[in-house]
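Everything below concerns the one structure shown next.
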Amino acid sequence: MPWNHSIFDLNNWKVTLPVDADYFKSDGGDGNFFDDTAYEVKPPNFEGFEAEEFFYYDANQDAMIFRADVNGARTSANTNYTRSELREMNDDGSNAAWSVSQGGTLSATLKVTELAEEDDGDPARVIVGQIHGANDELCRLYYNADGDLYYANELTGSDGDERLFYFENAAGQRPNVALGETFSYIIEVVDGKLIVAIYADGQTYSAVPTDGVDPTEIIDDWNGDSFYFKAGVYQGVTHVSGHASEGSGAAEAAFFGIDISHDEGGGRDAWLGDNPGGGSGGGGTGGGSGNTIDGTSGADDISGTSGADLINAGAGADTVSGGGGNDTINGGGGYDSLKGDAGNDVLNGNAGNDTLKGGAGNDTLTGGSGSDELWGNDGDDVLVAGSGSDWLKGGAGADTYVFTDLHGTDVVADFSRPNGDVLDLSEILDGASGLGGSNAISGGYVEFVQDGADTRLYVDLDGDAGSGARVHLATLLDETAADFGLSDLIL
Numbered sequence: 001m002p003w004n005h006s007i008f009d010l011n012n013w014k015v016t017l018p019v020d021a022d023y024f025k026s027d028g029g030d031g032n033f034f035d036d037t038a039y040e041v042k043p044p045n046f047e048g049f050e051a052e053e054f055f056y057y058d059a060n061q062d063a064m065i066f067r068a069d070v071n072g073a074r075t076s077a078n079t080n081y082t083r084s085e086l087r088e089m090n091d092d093g094s095n096a097a098w099s100v101s102q103g104g105t106l107s108a109t110l111k112v113t114e115l116a117e118e119d120d121g122d123p124a125r126v127i128v129g130q131i132h133g134a135n136d137e138l139c140r141l142y143y144n145a146d147g148d149l150y151y152a153n154e155l156t157g158s159d160g161d162e163r164l165f166y167f168e169n170a171a172g173q174r175p176n177v178a179l180g181e182t183f184s185y186i187i188e189v190v191d192g193k194l195i196v197a198i199y200a201d202g203q204t205y206s207a208v209p210t211d212g213v214d215p216t217e218i219i220d221d222w223n224g225d226s227f228y229f230k231a232g233v234y235q236g237v238t239h240v241s242g243h244a245s246e247g248s249g250a251a252e253a254a255f256f257g258i259d260i261s262h263d264e265g266g267g268r269d270a271w272l273g274d275n276p277g278g279g280s281g282g283g284g285t286g287g288g289s290g291n292t293i294d295g296t297s298g299a300d301d302i303s304g305t306s307g308a309d310l311i312n313a314g315a316g317a318d319t320v321s322g323g324g325g326n327d328t329i330n331g332g333g334g335y336d337s338l339k340g341d342a343g344n345d346v347l348n349g350n351a352g353n354d355t356l357k358g359g360a361g362n363d364t365l366t367g368g369s370g371s372d373e374l375w376g377n378d379g380d381d382v383l384v385a386g387s388g389s390d391w392l393k394g395g396a397g398a399d400t401y402v403f404t405d406l407h408g409t410d411v412v413a414d415f416s417r418p419n420g421d422v423l424d425l426s427e428i429l430d431g432a433s434g435l436g437g438s439n440a441i442s443g444g445y446v447e448f449v450q451d452g453a454d455t456r457l458y459v460d461l462d463g464d465a466g467s468g469a470r471v472h473l474a475t476l477l478d479e480t481a482a483d484f485g486l487s488d489l490i491l
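Per UniProt numbering, residue 1 is the first one in the sequence shown, and the count goes up by one each step.
Right, here's the structure in full:
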């Protein structure tokens, strides 16, 4: 069974939960899990750890779930708000404490799925990322029910109080992120500047001035302070009676990626947007009839030429467009967005949860090790699912869906028999005991099972005659199981 630590790198984090130690007692303790100090878990104790509804891995979403109940345990008697939240740690297990001159980067991709309620019944806000100082927060990133995102810098107000900063895209519009909609953020201190940005709806939203104050400026009041990153859900309301922010319910968020670093250009693997203004991400555009274009370790925005390009995006969350010609585009370790455009293109996502789009032409799209989205679009495309739980849509043309790994359950969104689509199971079933081709279905090696409006595809490497268990390989949306036969398969 996968745990958060086996999917996400938590070596430089500890987690604070809205429960006390009694929550984990087999006898239930005193029956009240929330009447004492909040519980913390540090490396290496993440091994095999989860806290039921408050901190666990959701395999269906490939996500790390954070949930905090307003009535939960608090971190101290001086704190009115509960949290299910990561706190940055050093390699030696001590609390991280870095300076403005050292800097650092935190990126995350997530969706907020639930908000608590204020006492008047309106949804509350929630904090999803922070740069915390010894006492105050250099950056406290909020999400609210209006779909708005903004952050507080606690010492930039006119009287030394907090000031709120908002985000806008190039057209001057603010983000509108619905509850349950995926977005990403980046929070970093680089070259003495604070850079905070949001990526949503395919656009980057950068922080803009408030009352003429530059959002990137780190005022002298912060000099000498020590900082650390935080990420998760930190409640915006409390159950404390009579408090100005009294409320009820729970906040929940699903994190699909999180990355931190204090190295130049690092910490951006969970950022989906282009370079927000700091670090070593960059843009690149080819200029001839075919080029080799190499990205940086940051979040790059790369455009190919009208010729046959070889584009190596590198580390970071990159956005790549191949342009015309038969291009080969290789993603890296980040959450990349790769688009082939015209031509017969080859797109390789590699590591990370990538989005690959073929465009016109007969394209080959290979997701890699993450949970990827593969869009063939026009042409006779080959879509290769990897080791994650991938989402595949071939589009127009006779498409081939290739399955290469038994880990993860993939989704095929638009299998079309009239278009000539086929399911390639040859690599999965290579060497299957007793398989002769014509007995693939009758012998139980391949099984199609109706599940509501959809069809589940199962494979069993030793068929009905063996003792091995079948594996749910993929779900084919809006398809009838009885319609499938050997003609739909490549074995």
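Each residue gets a CB set at the ideal place from its N, CA and C atoms; glycine is no exception.
Owing to the predicted nature of the structure, the values given are computational and were not obtained by experimental measurement.
Can you give me the Cβ contacts of F227 inside the same chain, cut-off strictly under 6 Å, excluding the 5 residues immediately before and after it?
As a first step, residue 227 must be located in the sequence shown, where it is residue number 227. Within the same chain, F227 has close Cβ partners W98, I131 and G133.
How far does the alpha helix (DSSP H) with N4 in it extend, from its first residue to its last?
As a working mapping, residue 4 is identified with position 4 in the sequence shown. Per DSSP, N4 belongs to the alpha helix (DSSP H) from N4 to I7.
For G278, count neighbouring C-beta atoms within 10 Å of its own C-beta (all shown protein chains included) and say buried if the count is 16 or more, exposed if not.
Within the sequence shown, numbered from 1, the residue matching residue 278 stands at position 278. Reliability fails at G278, whose pLDDT of 44 lies under 50, so the model's placement of it is uncertain and the value that follows must be treated cautiously. With 16 or more other Cβ atoms within 10 Å, it is buried.
According to DSSP, what are the bridge partners of D410?
Stepping through the sequence shown from its first residue, residue 410 is reached at position 410. According to DSSP, D410 bridges with A474.
Quick check on S94: does DSSP put it in helix, strand or coil?
The residue you call residue 94 lines up with position 94 of the sequence shown. Reduced to three states, the DSSP call for S94 is coil.
Using 8 Å for Cβ pairs, my map puts V15 next to L106. What's the rounded Cβ distance?
Your numbering for residue 15 matches position 15 in the sequence shown. Your numbering for residue 106 matches position 106 in the sequence shown. That pair is no contact at about 15 Å.
My parser needs the beta strand (DSSP E) runs of 3 or more residues fully inside the segment 317-346; what are they?
319-321, 328-330 and 337-339
When we look at the beta-carbon of H407 and count the other beta-carbons within 10 Å, is it buried (16 or more) or exposed?
Here residue 407 refers to the residue found at position 407 of the sequence shown. Under this definition H407 is an exposed residue.
Continuous beta strand (DSSP E) stretch holding R456: start and end:
Position 456 of the sequence shown, counted from the first residue, corresponds to residue 456. That run of the beta strand (DSSP E) goes D454 to V459.
With 16 as the cutoff for other CB atoms within 10 Å, does G334 come out buried or exposed?
Taking the sequence shown and counting its residues from 1, the one referred to as residue 334 is at position 334. G334 is buried by the Cβ-count criterion.
With a threshold of 16 other CB atoms inside 10 Å of the CB of L486, please say whether the residue is buried or exposed.
Locating residue 486 in the sequence shown gives position 486, where the first residue counts as 1. So L486 counts as exposed.
What residue from V411, G361, A396 and N11 has the CA that sits closest to V384's CA?
Position 384 of the sequence shown holds residue 384. When each option's Cα is compared against that of V384, the closest is V411.
What's the call for R417, buried or exposed, on a 16-neighbour Cβ count within 10 Å?
The sequence position of residue 417 within the sequence shown is 417, counting from 1. By the neighbour-count rule (16 or more Cβ atoms within 10 Å), R417 is not buried but exposed.
Taking C-beta to C-beta, are P123 and A68 nearer than 7 Å?
Taking the sequence shown and counting its residues from 1, the one referred to as residue 123 is at position 123. Taking the sequence shown and counting its residues from 1, the one referred to as residue 68 is at position 68. No. Outside cutoff.
Drop a sphere of 10 angstroms on the beta-carbon of I219, count the other beta-carbons inside from all chains shown, and report buried for 16 or more, exposed for fewer.
Here residue 219 is taken as the residue at index 219 of the sequence shown, counted from 1. It counts as exposed.
Beta-carbon separation of L164 and A145 under 7 Å?
Translated into positions along the sequence shown, residue 164 becomes position 164. Translated into positions along the sequence shown, residue 145 becomes position 145. No.
May I ask which residues mark the beginning and end of the beta strand (DSSP E) holding D451?
On the sequence shown, residue 451 is found 451 positions in, with the first residue counted as 1. V446 to D451 is the extent of the beta strand (DSSP E) around D451.
Counting beta carbon pairs with one atom in the segment 264-273 and one in the segment 189-201, are three or more of them shorter than 8 Å?
yes
Go through the segment 52-133 residue by residue and report every complete run of the beta strand (DSSP E) that reaches 3 residues or more, in order.
55-58, 63-69, 83-88, 104-114 and 126-132
Cα-Cα separation, W222 to F229
If you number the sequence shown from 1, residue 222 lands on position 222. If you number the sequence shown from 1, residue 229 lands on position 229. Each residue's alpha carbon lies about 15 Å from the other.
My guess is that M89 and F8 are in contact by the Cβ rule of under 8 Å, so how many angstroms apart are they, rounded?
Along the sequence shown, one-based indexing puts residue 89 at 89. Along the sequence shown, one-based indexing puts residue 8 at 8. Actually they do not touch by this definition, with Cβ atoms about 14 Å apart.
Helix, strand or coil for L486 per DSSP?
Numbered from its first residue, the sequence shown carries residue 486 at position 486. L486 falls in the helix class under three-state DSSP.
Assigned secondary structure, F24 (DSSP; H/G/I helix, E/B strand, else coil):
Your numbering for residue 24 matches position 24 in the sequence shown. Helix.
Apart from the five residues on each side of it in sequence, which residues of its chain come closer than 7 Å, Cβ to Cβ, to W13?
Reading the sequence shown from its first residue, position 13 is the one you call residue 13. Once the five neighbours on either side are set aside, the close Cβ partners of W13 are L86, R87, E88 and M89.
Can you tell me the Cα-Cα spacing of G340 and V41, whole angstroms?
As a working mapping, residue 340 is identified with position 340 in the sequence shown. As a working mapping, residue 41 is identified with position 41 in the sequence shown. Between G340 and V41, the C-alpha separation is close to 44 Å.
If I302 and D318 are in contact, beta carbons under 8 Å, what's the gap, nearest whole angstrom?
Here residue 302 corresponds to residue number 302 of the sequence shown, with the count starting at 1. Here residue 318 corresponds to residue number 318 of the sequence shown, with the count starting at 1. Between D318 and I302 the Cβ distance is about 7 Å, and since that is below 8 Å, they are a contact.
Beta carbon of L461, beta carbon of G468: below 7 Å?
Mapped onto the sequence shown, residue 461 falls at position 461. Mapped onto the sequence shown, residue 468 falls at position 468. Yes, they are a contact pair.
Is the separation between the beta-carbon of G298 and that of G322 shorter than 7 Å?
Here the question's residue 298 lines up with position 298 in the sequence shown. Here the question's residue 322 lines up with position 322 in the sequence shown. For G298 and G322, no; Cβs fall outside 7 Å.
Enclosing beta strand (DSSP E) for A253 [first to last residue]
One-based indexing of the sequence shown puts residue 253 at position 253. A250 to S261 is the extent of the beta strand (DSSP E) around A253.
Status (buried if at least 16 other CB within 10 Å, exposed otherwise) for I329:
Working through the sequence shown from its first residue, we reach residue 329 at position 329. Buried, since its Cβ has 16 or more Cβ neighbours within 10 Å.
Using only the alpha-carbon positions, how far apart do Q450 and F183 sit?
If you number the sequence shown from 1, residue 450 lands on position 450. If you number the sequence shown from 1, residue 183 lands on position 183. Going from the Cα of Q450 to the Cα of F183 covers about 33 Å.
Simplified DSSP state of residue 495, which is helix, strand or coil:
Any answer about residue 495 is impossible in this case: the structure gives the chain only from 1 up to 491.
In three-state terms, what does DSSP make of D301?
Reading the sequence shown from its first residue, position 301 is the one you call residue 301. Of the three classes helix, strand and coil, the one that applies to D301 here is strand, per DSSP.
Suppose you measure from the CA of L138 to the CA of A396; what does that come to, to the nearest Å?
Here residue 138 refers to the residue found at position 138 of the sequence shown. Here residue 396 refers to the residue found at position 396 of the sequence shown. One C-alpha to the other measures close to 50 Å.
Have a look at the DSSP bridge pairing and note the partners of E40.
Taking the sequence shown and counting its residues from 1, one reaches residue 40 at position 40. T16.
Assign G172 to buried or exposed, taking buried as 16 or more other Cβ atoms, counted over all protein chains shown, within 10 Å of its Cβ.
As a first step, residue 172 is located in the sequence shown; it is residue number 172 there, counting from the start. Exposed, because fewer than 16 other Cβ atoms sit within 10 Å of the Cβ of G172.
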